[in-house]
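In my numbering, the protein residues as written are 32 to 385. Note that CB positions come from ideal geometry on N, CA and C, so glycine has one too. Being a predicted model, the structure only gives us computed values, none of them experimental. Reviewing the structure listed below.
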């Protein structure tokens, strides 16, 4: 009897061990997948982007899968993509900037007004516009890093101030594309088109791609980039590790302001004209691209290339649904779903480090 009991106990124990091994193996696979997404945050938006292109390509065929259509997406998202690069830097430090769109517009207005109102050479006007964008970023950085004010409140305030200044300074006047083309073509430089095969690119698109690749390299391979991630992950720990948190935050907002000023230059090229009422949605659109791109709103995790993929996803959905003849509201619907899904995935991925 005792031998039988012993045998049954052994069988039961082995079954439990086998079940536990199966559970560990199952957990291990999920954990490895979760870890892969954690160390490669741009992978999720890249997968979504590829699937979006495949789905719309299958539905639309050559209407979508053509060099012209695919490069049209790049042209449409170039402003959002450039501004998203600036927003990415700020969100990586666990901040947020609601003034990026206003900085973009006022930088373009200053470039145009300096040339046409004051007769300053276009090249110098562009430099003045870039400097002003950097100054706006420095103002945000100063209030946030030195005075310890919340980024949301600071940039909400500077957004309103810069927007009002933009309308007052420009007198709500638009500088026409014909006048710029005739007297200051340099202002439209970013909109200059060139062909590669059947694809049509602009210098603004090239700038967006080069900027994203450059910033991705800087964030990954330089001490400053590691400081940005460290500040976003845990500013107190970063300070104890010797990171100058105030200087890092200040530099991030200044660089973001400069990037937005470049977006203002690209905006002139995209529109052809200088309009004080343009790009008013860049604030929300840049945050949308960053969130869909897998950059954590809690800071310290994400890839700036993900923001590029996020902007392209929005562009693919916008063009694809338009070619399908769908109501424009469906674009907002699907983008909203993607935003919520991106945040949910981010929360799930963050558990790997818990």
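Close-in-space but distant-in-sequence residues of the same chain around residue 370 (CB under 8 angstroms, 5 per side omitted)
319, 322, 323
Put residue 233 into one of helix, strand or coil per three-state DSSP.
strand
Please classify residue 332: is it buried, with 16 or more other beta-carbons within 10 angstroms of its beta-carbon, or exposed?
buried
Neighbourhood of residue 226 by C-beta, 8 angstroms cutoff - its chain only, sequence neighbours within 5 removed
232
Residues in its own chain within less than 7 angstroms of residue 373 by CB, not counting five upstream and five downstream?
322, 323, 325
Spatial neighbours of residue 375 within its chain, please: CB distance less than 7 angstroms, with the 5 preceding and 5 following residues excluded, ordered by chain position.
none
For the alpha helix (DSSP H) that residue 293 lies in, which residues bound it at each end?
276–302
Hey, residue 310 and residue 132: beta-carbon distance below 8 angstroms or not?
yes
Range of the contiguous alpha helix (DSSP H) that encloses residue 183
182–201
Assuming residue 339 contacts residue 243 under a Cβ cut-off of 8 angstroms, what Cβ separation, rounded to an integer in Å, is found between them?
5 angstroms
Outcome for residue 146 when other beta-carbon atoms lying within 10 angstroms are tallied against a minimum of 16
buried
Does the distance from the C-beta atom of residue 288 to that of residue 169 stay below 8 angstroms?
yes
In the structure shown, what three-state DSSP assignment does residue 137 receive?
helix
Cα-Cα separation between residue 304 and residue 135, rounded to whole angstroms
14 angstroms
Give the DSSP bridge partners of residue 206, in chain order.
305
Is there contact here, the stretch 241–257 with the stretch 91–111, by at least three beta-carbon pairs under 8 angstroms?
no
Output needed for residue 193: all residues of its chain with C-beta closer than 7 angstroms, excluding positions within five of it in sequence on either side, in chain order.
130, 133, 134, 137, 167
Inside the stretch 65–105 only - beta strand (DSSP E) runs reaching at least 3 residues:
none
Please report how far the alpha carbon of residue 294 lies from the alpha carbon of residue 89, in whole angstroms.
33 angstroms
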